[in-house]
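Colleague:
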């Protein structure tokens with residue numbers, strides 16, 4: 006493994022890139038039915054790098070089982086905090102401004118790297134569904150416990166699972182690829 010890391014370092018050096026030893030993280034990805042294998046820490050240069058249970062890569066929290074629950078929790082936490090602050094000023098906004106705020110500050114966070122969420126079980130995506138429902142209630146100023154389906158139709162929105170699937174299909178059609 007260490008020879009592979011040295012090969013990566015050499016490749017990066019020849020391509021005028023630098024491997025930052027103290028920011029480098031290693032994760033061992035494993036399936037749900039595999040026995041957990043403890044890997045020893047790796048040595049890169051002068052740094053000893055322990056194997057992590059989760060890493061953050063381009064803003065996405067990846068865990069060793071690839072469940073993405075950590076990423077979804079981080080997105081949910083960020084969106085809930087944003088929505089909480091937005092509700093404080095809702096009475097000062099018209100519907101168009103509310104839509105723009107939700108699209109800019111909430112939906113963009115949900116949509117970031119959502120191709121990774123395609124195929125996840127509904128139980129994992131439930132927090133994102135809650136965020137979407139709260140966002141729709143924010144826009145429409147509907148009751149806290151009222152049905153959100155009519156609002157979804159009025160605002161021409163798709164539920165989270167379908168939204169993710171739609172965006173993956175659009176991306177595949179734009180790049181002439183197919184989903185396996």
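In the numbering used here, the protein residues as written are 6 to 185.
C-beta atoms are modelled at their ideal positions from N, C-alpha and C, and glycine is treated no differently.
Can you check whether the CB of residue 160 is closer than 9 Å to the CB of residue 145?
Modeller: Yes, the Cβ-Cβ distance between residue 145 and residue 160 is below 9 Å.
Colleague: Taking the alpha-carbon positions, what's the residue 155 to residue 140 distance?
Modeller: Roughly 14 Å between the two C-alpha positions.
Colleague: Assign residue 176 to buried or exposed, taking buried as 16 or more other Cβ atoms, counted over all protein chains shown, within 10 Å of its Cβ.
Modeller: Looking at its Cβ environment, which holds fewer than 16 other Cβ atoms inside 10 Å, residue 176 is exposed.
Colleague: Am I right that residue 59 and residue 31 are in contact with their C-beta atoms under 8 Å? What's the rounded C-beta distance?
Modeller: Residue 59 to residue 31, Cβ: 11 Å. No contact.
Colleague: What is the C-beta distance between residue 81 and residue 169, in whole angstroms, given that I count them as a contact (C-beta under 8 Å)?
Modeller: Incorrect: roughly 15 Å between the Cβ atoms, too far for contact.
Colleague: What ranges does the alpha helix (DSSP H) occupy inside the region 87 to 139, keeping only unbroken runs of at least 4 residues that lie completely in it?
Modeller: You should have 100 to 107, 113 to 116.
Colleague: Identify the residues that DSSP records as bridge partners of residue 61: which are they?
Modeller: In the DSSP output, where bridge partners are listed per residue, residue 61 has 66.
Colleague: Given residue 163, which residues of its chain have a CB within under 7 Å of its CB, disregarding the five upstream and five downstream residues?
Modeller: Only 171 meet the Cβ criterion.
Colleague: From the DSSP secondary-structure annotation, give me the bridge partner or partners of residue 52.
Modeller: DSSP, once it has assigned bridges, lists 49 as partnering residue 52.
Colleague: Considering just the uninterrupted stretch of the alpha helix (DSSP H) at residue 29, what are its terminal residues?
Modeller: Neither: residue 29 is in no alpha helix (DSSP H) and is coded neither H nor E.
Colleague: Compare the C-alpha of residue 25 against each of 123, 33, 51, 117 and name the closest.
Modeller: For residue 25, the nearest C-alpha among the options comes from 51.
Colleague: Here's a check: name, in chain order, each residue in its chain whose Cβ is nearer than 6 Å to the Cβ of residue 55, leaving out the five neighbours to either side.
Modeller: Closer than 6 Å at Cβ, skipping near neighbours: 46.
Colleague: Could you pull the start and end residues of the alpha helix (DSSP H) that residue 149 belongs to?
Modeller: That residue, residue 149, is in no alpha helix (DSSP H); it is neither H nor E in DSSP.
Colleague: Could you tell me which of 103, 165, 116 sits nearest to residue 127, measuring between CA atoms?
Modeller: Checking every option, the nearest Cα to that of residue 127 belongs to 165.
Colleague: Taking Cβ to Cβ, would you say residue 115 is nearer than 9 Å to residue 84?
Modeller: Yes. Within cutoff.
Colleague: Would the region 84 to 94 count as touching the region 59 to 71 if we require 3 or more Cβ pairs under 8 Å?
Modeller: No: the two stretches stay apart, fewer than three of their Cβ pairs being nearer than 8 Å.
Colleague: Cα-Cα, which of 43, 35, 49, 53 is closest to residue 15?
Modeller: Of 43, 35, 49, 53, the residue nearest in Cα terms is 49.
Colleague: Note down the Cα distance separating residue 11 from residue 65, rounded to an integer number of angstroms.
Modeller: Roughly 25 Å separates the two Cα atoms.
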